[in-house]
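Residue numbers (the numbering used here): 4 to 455. For every residue, glycine included, the Cβ atom is placed at its ideal position computed from N, Cα and C. Just so you know, these numbers come straight off a predicted model, no measurement behind them. Structure first, then comments.
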Amino acid sequence: MEQIYSYIDEHSQRFIDELATFVKQPSISSQGVGIEDCAALLTRMMEAVGIRYEIMPMGGDTNPPLIYGELMAPAASKTLLIYGHYDVQPPEPLEAWHSPPFEPTIRNGRMFGRGTADNKAQMFAHIKAVEAILKTGNTLPINLKFMFDPEEEIGSPNLDRFIRTTGDKFKADIGYYSDGPVHPSGRPKISFGNRGMCYVEINHQEAGRDVHSGHYAEALPNPNWRMIRFLNSLKDENGRVTIDGFYDDVLPVTEIEKAALAKIPFDEKATLEDLKVSRLNTTEEVGFWEMTTLTPSLNIAGYASGYGGHGAKTIIPCRTKVKIDMRLVKNQNPQDIFQKLKRHMKNHGFDDFEVKLLSCCGPRRTPLDNPDAPAFIRAARKVYEKEPVILPSGGGTVPLAFFDYFLKVPLIAIPYGNPDEMNHAPNENMDLDLFIKGIKASATVFYELAKV
Ligand SMILES: [Zn+2]
């Protein structure tokens with residue numbers, strides 16, 4: 004590995020320049036800006052290191068180009084599928100940037116620009132690892148496949164369907180991706196899963212218009228009283244969701260998961276101070292990490308009705324709207340949860356409310372005792388020279404459930420970004436030392452996997 008690491012160090016300035024070229028090309032999926040041009044640039048960068056590529060139009064309304072890449076190693080017996088995304092979030096608000104979002108600028112050892120950390124530097128690290136291995140006269144120790152998503156930032160609306168229609172092309176023994184930050188302590192982080200999502204909007208209307216509360220209260224029904232009763236029916240006083248069957252498919256937390264959760268650093272006092280709250284809802288039995296990663300949630304994300312402006316306004320609002328996100332854990336199915344919610348509404352007399360499913364994404368989780376897991380742990384330990392933090396699952400949602408449910412490829416992630424990468428926000432940036440470390444991490448993962 005030393006020879007490969009030296010190559011990476013010697014060529015680090017060029018890698019940074021190439022990353023700047025990649026970041027300079029806008030690729031804003033939600034605005035349809037620059038995706039095709041960025042796809043073309045990416046394929047040139049893949050070709051330059053010897054990765055065979057295919058541009059695969061995904062169909063759907065916008066027919067965005069998924070980039071597939073492949074590099075087979077004659078002697079290798081293992082195939083790794085790498086996922087990454089080359090689209091970025093919109094850069095707005097532009098005035099909040101200290102340098103223009105698509106003019107990558109280096110300050111204090113970081114590259115500032117939209118898409119630097121999320122996800123261009125991180126996915127580019129895998130490509131540069133291939134270069135470092137081949138240019139030092141080595142042969143690739145494993146077969147590599149790449150899947151570069153053009154729409155991750157808008158929830159990959161076409162990906163699931165597309166993967167199901169492309170058959171065996173993406174089959175592999177193990178999957179890998181890098182997105183998000185290392186642990187705030189600087190220790191590397193290895194994540195084995197994500198929660199899924201069932202996001203609903205519920206609307207309820209009584210009168211045809213808002214009216215004077217002095218003239219009509221209490222004669223006219225205010226839709227908020229029933230909405231509040233409905234919301235109250237969703238959880239008991241301990242915070243447990245009371246939708247029939249909500250927890251039916253949740254897998255019990257295993258001993259090995261419990262042991263891993265216990266090792267994740269958590270400073271409760273600092274968290275309370277940071278958030279300016281006096282307590283968390285965690286219990287003796289279910290601690291912070293179990294509650295936020297391996298337990299499903301039901302959260303009121305928004306409530307809108309009536310007058311919320313300055314001063315007093317006396318009305319009976321005619322309509323009320325609620326947004327609810329449910330984070331789901333392995334084996335829960337978002338469509339099934341949506342049906343269970345609708346049944347709950349019917350059984351409790353709220354079936355006149357209008358309910359819409361806004362987004363839906365399955366959970367996924369690779370077991371911690373997956374035989375390839377130690378390779379990722381060894382690679383992270385070697386490159387970062389610190390003990391990795393093992394997350395049985397992240398709390399957030401990534402649209403990659405098809406790895407579990409369709410491809411049947413276990414997926415493991417090591418994020419390469421800095422904790423203050425400001426992803427999705429103005430002044431997004433990538434720590435360039437971590438970018439270079441990421442290239443080494445990718446190369447090391449390839450070699451460690453080959454040993455398993
Ligand atoms: Zn993102």
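- Within the region 213–267, complete alpha helix (DSSP H) segments of at least 4 residues are found at 216–219, 226–235, 258–266, given in chain order.
- Between F165 and M59, the CB-CB gap stays under 9 Å.
- Looking at Y387, V185, K131, the one whose alpha-carbon comes closest to that of E424 is V185.
- For ligand 1, a non-hydrogen atom lies closer than 8 Å to the CB of D182.
- Per DSSP, K349 has no beta bridge partner at all.
- Classified as exposed, D372 has fewer than 16 neighbouring CB atoms from the shown chains inside 10 Å of its CB.
- Here DSSP, grouped into helix, strand and coil, assigns P60 to strand.
- The DSSP-derived three-state label of K389 is coil.
- As the crow flies, the alpha-carbon of T257 is around 31 Å from that of I145.
- Annotation for C201: the continuous beta strand (DSSP E) segment containing it runs 199–208.
- Closer than 8 Å to some heavy atom of ligand 1: that describes the Cβ of N122.
- Boundaries of the alpha helix (DSSP H) harbouring T46: 38–51, taken from the DSSP string.
- K138 is not a Cβ neighbour of I442, given a cutoff of 9 Å.
- According to the DSSP secondary-structure assignment, C364 is paired through a beta bridge with M200.
- Taking 8 Å as the cut-off, one finds at least one heavy atom of ligand 1 near enough to the beta carbon of Q92.
- A distance criterion of 8 Å places the beta-carbon of E156 in contact range of ligand 1, judged by its closest non-hydrogen atom.
- In the DSSP annotation of this structure, the continuous segment of the alpha helix (DSSP H) that includes M126 starts and ends at 124–138.
- In its chain, beyond the 5 residues on either side, P191, K440, K443, A444, T447 have a beta carbon closer than 8 Å to the beta carbon of V386.
- Taking 9 Å as the cut-off, the Cβ atoms of K261 and E287 do not count as close.
- The continuous beta strand (DSSP E) containing D152 extends over residues 146–152.
- When distances are taken from the beta-carbon of N426 to the heavy atoms of ligand 1, the shortest one is below 8 Å.
- Within its own chain, the residues whose Cβ lies closer than 7 Å to the Cβ of Q208, once the five positions on either side in sequence are excluded, are P226, C321, R322, listed in chain order.
- Checking the DSSP bridge columns, you'll see V412 has no partner listed.
- The beta-carbon separation of I340 and S216, rounded to 37 Å, does not stay under the 8 Å limit for a contact.
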